[in-house]
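K.L.:
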DNA sequence: ATAGGTGCAAATGGTTTGCGAAAAC
DNA sequence: GTTTTCGCAAACCATTTGCACCTAT
């Protein structure tokens, strides 16, 4: 955490609050929910600051941006292990998954398409186990 | 094409124009560009009609919706072969690719996460061959 | 004849920005 | 003390919607 914060200067109260909140929640947040949660702790923070800093954190490589829902972006702390997402169309739940096949796929694409891959955004929509059972 | 059109009733002039334009262009269009192109052929069409019908076509399974860029959706005719996209961060070019690994990945996810996959949205960002060379 | 689609303009929702006040260095 | 950020409100852009009129069936 210390290392990450070094990148963010000046480290204002608002930035500290936002980073803490993102880390604390530990799952995917959109700007509005981050604002809501940060605002609970300190009323003075504004939505504009949330947007400005989400962009800053993203550009600094501290958080990752994902397109899990139509019309808005979600953010999460960048972690070492590459992972992707499943989104349930029924309950909205977001499930993370990993697979060595993703790395294989990247390698294959880079070779076959002579394309240098910088970022993988893979999202599968469908029905989670619980919702699948209910639909029967 | 005949079969597809059966689903769309009433088949108005606007819908015919939009379907023809999407098929004709044959690549990814966002609402604004579809409007621009359709409007060149018939000035009377409105942007609202483009949006309304993109949604209709999507719900009828005639076109596919993709999230290739931040803040807007792209659409393309649904084809039989499942394919995914590479987006060049430098020139903006969109490259399609296929791989049997994608199907393997879906099978794996369905088994390991007990998740029923309905849709795969995979987009890799990076640098295409030409832009990669230029950056050297 | 009638159900439904269309154009227009206004509304909506997520995100960005200009500006004077405030904070970090 | 200087540079940068913050809060606020207004702007922006993609998309949706209410309503009176028009069209495909």
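Protein chains in written order, with the working numbering: chain A, 8 to 143; chain B, 8 to 143. Glycine included, C-beta positions come from ideal geometry on N, C-alpha and C. If you're wondering where the values come from, they're calculated on a predicted model, not measured in any experiment.
1) Could you check if residue 129 (chain B) is buried or exposed, using at least 16 other CB atoms within 10 Å of its CB as the buried criterion?
2) With H, G and I counted as helix, E and B as strand and the rest as coil, what does DSSP make of residue 104 (chain A)?
3) From what residue to what residue does the alpha helix (DSSP H) around residue 29 (chain A) run?
4) Can you find a C-beta in chain B that's less than 8 Å from the C-beta of residue 87 (chain A)?
5) Could you tell me if residue 18 (chain B) is buried or exposed, where buried requires 16 or more neighbouring beta carbons within 10 angstroms of its beta carbon?
6) Can you list, in chain order, the residues of its chain whose CB lies under 6 Å from that of residue 14 (chain A), leaving out five sequence neighbours each side?
7) Once you ignore the five residues that flank residue 94 (chain A) on each side, which residues in its own chain have a CB closer than 7 Å to its CB?
8) Give the single residue among A:85, A:48, A:61 whose Cα lies nearest to the Cα of residue 33 (chain A).
9) What does the Cβ neighbour count give for residue 83 (chain B), buried or exposed, with the cut at 16 atoms within 10 Å?
10) Do residue 62 (chain B) and residue 35 (chain B) have their beta-carbon atoms positioned less than 8 Å apart in this structure?
11) So which residues on chain B does residue 15 (chain A) lean against when the C-beta distance must stay under 8 Å?
12) DSSP on residue 138 (chain B), reduced to helix/strand/coil?
13) Which residue wins for smallest C-alpha separation from residue 20 (chain B), given the options B:110, B:53, B:96?
14) Could you tell me the boundaries of the beta strand (DSSP E) in which residue 43 (chain B) lies?
15) According to DSSP, is residue 65 (chain B) part of a helix, a strand, or is it coil?
16) Quick one: give me the first and last residue of the beta strand (DSSP E) that residue 73 (chain B) is part of.
17) Please state the DSSP three-state secondary structure of residue 96 (chain A).
18) CB-CB under 8 Å to residue 48 (chain B), same chain, minus the five flanking residues each way: which ones, in chain order?
19) Three-state secondary structure (DSSP) at residue 132 (chain A)?
20) Restricting to Cα atoms, I'd like to know which of A:122, A:119, A:98 is closest to residue 140 (chain A).
21) What does the alpha-carbon distance come out to for the pair residue 123 (chain A) and residue 87 (chain A)?
22) Closest to residue 136 (chain A) by C-alpha separation, out of B:120, B:70, B:56, would be which residue?
23) Three-state secondary structure (DSSP) at residue 83 (chain B)?
24) Can you find a C-beta in chain B that's less than 8 Å from the C-beta of residue 121 (chain A)?
25) Name the residues in the stretch 95 to 125 of chain B whose C-beta lies less than 9 Å from a C-beta of chain A; which are they?
26) Between residue 115 (chain B) and residue 108 (chain A), which are expected to be in contact by the criterion C-beta below 8 Å, what is the C-beta distance as a whole number of angstroms?
27) Under 8 Å between beta-carbons, which chain A residues line up against residue 134 (chain B)? List them in chain order, please.
28) When DSSP labels each residue in this structure, what does residue 118 (chain A) get in the three-state scheme?
P.N.:
With the structure as the only source:
1) As a position in the second chain, residue 129 (chain B) is number 122, starting the count at 1. Buried, since its Cβ has 16 or more Cβ neighbours within 10 Å.
2) One-based indexing of the first chain puts residue 104 (chain A) at position 97. Here residue 104 (chain A) sits in strand by DSSP.
3) On the first chain, position 22 is the one that residue 29 (chain A) refers to. Here the alpha helix (DSSP H) through residue 29 (chain A) covers 20 to 32.
4) Taking the first residue of the first chain as position 1, residue 87 (chain A) is located at position 80. The beta carbon of residue 87 (chain A) sits no closer than 8 Å to any beta carbon of chain B.
5) Counted from its first residue, the second chain places residue 18 (chain B) at position 11. Here residue 18 (chain B) is exposed, its C-beta having fewer than 16 other C-beta atoms within 10 Å.
6) As a working note, residue 14 (chain A) is residue 7 in the first chain. Excluding residues up to 5 positions away in sequence, 67 lie with their Cβ nearer than 6 Å to the Cβ of residue 14 (chain A) in the same chain.
7) On the first chain, residue 94 (chain A) is found 87 positions in, with the first residue counted as 1. So the list reads 75, 101, 130, 132, once near-sequence residues are dropped.
8) The residue given as residue 33 (chain A) occupies position 26 in the first chain. Nearest of A:85, A:48, A:61 to residue 33 (chain A), Cα basis: A:85.
9) Numbered from its first residue, the second chain carries residue 83 (chain B) at position 76. In the assembly as shown, residue 83 (chain B) is a buried residue. Its beta-carbon has 16 or more other beta-carbons within 10 Å.
10) In the second chain, counting from the first residue as 1, residue 35 (chain B) sits at position 28. In the second chain, counting from the first residue as 1, residue 62 (chain B) sits at position 55. No, they are not a contact pair.
11) Taking the first residue of the first chain as 1, we reach residue 15 (chain A) at position 8. Residues of chain B whose Cβ lies closer than 8 Å to the Cβ of residue 15 (chain A) do not exist; the shortest such Cβ separation is about 22 Å.
12) As a position in the second chain, residue 138 (chain B) is number 131, starting the count at 1. Helix at residue 138 (chain B).
13) Numbered from 1 along the second chain, position 13 holds the residue referred to as residue 20 (chain B). The candidate whose alpha carbon is nearest that of residue 20 (chain B) is B:53.
14) Counting from one through the second chain, the residue named residue 43 (chain B) turns up at place 36. That residue, residue 43 (chain B), is in no beta strand (DSSP E); its alpha helix (DSSP H) goes 38 to 48.
15) What you label residue 65 (chain B) is simply residue 58 of the second chain in a count that begins at 1. Residue 65 (chain B): helix per DSSP, three-state reduction.
16) Against the second chain, residue 73 (chain B) aligns to sequence position 66. Taken as a continuous stretch (DSSP letters only), the beta strand (DSSP E) holding residue 73 (chain B) covers 70 to 76.
17) As a position in the first chain, residue 96 (chain A) is number 89, starting the count at 1. Coil.
18) Numbered from its first residue, the second chain carries residue 48 (chain B) at position 41. So the list reads 24, 28, once near-sequence residues are dropped.
19) In the first chain, residue 132 (chain A) corresponds to position 125, counting from 1. In this structure, residue 132 (chain A) counts as strand in the three-state DSSP scheme.
20) Position 133 of the first chain, counted from the first residue, corresponds to residue 140 (chain A). Among A:122, A:119, A:98, the Cα nearest to that of residue 140 (chain A) is on A:98.
21) Here residue 123 (chain A) refers to the residue found at position 116 of the first chain. Here residue 87 (chain A) refers to the residue found at position 80 of the first chain. If you draw a straight line from the Cα of residue 123 (chain A) to the Cα of residue 87 (chain A), it is about 20 Å long.
22) In the first chain, the residue the question calls residue 136 (chain A) occupies position 129. Ranking the options by Cα distance to residue 136 (chain A), first place goes to B:120.
23) Residue 83 (chain B) sits at position 76 when you count from the first residue of the second chain. When secondary structure is reduced to three states using DSSP, residue 83 (chain B) falls in the strand class.
24) In the first chain, residue 121 (chain A) corresponds to position 114, counting from 1. Yes, residue 121 (chain A) counts as interfacial toward chain B.
25) Answer set for the stretch 95 to 125 of chain B: 95, 96, 102, 104, 106, 108, 109, 111, 112, 113, 115, 116, 117, 119, 120, 121, 122, 123, 124, 125.
26) Within the second chain, numbered from 1, the residue matching residue 115 (chain B) stands at position 108. Within the first chain, numbered from 1, the residue matching residue 108 (chain A) stands at position 101. Residue 115 (chain B) to residue 108 (chain A), Cβ: 6 Å. Contact.
27) The residue given as residue 134 (chain B) occupies position 127 in the second chain. The answer, in chain order, is 122, 123, 125.
28) Taking the first chain and counting its residues from 1, one reaches residue 118 (chain A) at position 111. Residue 118 (chain A) falls in the helix class under three-state DSSP.
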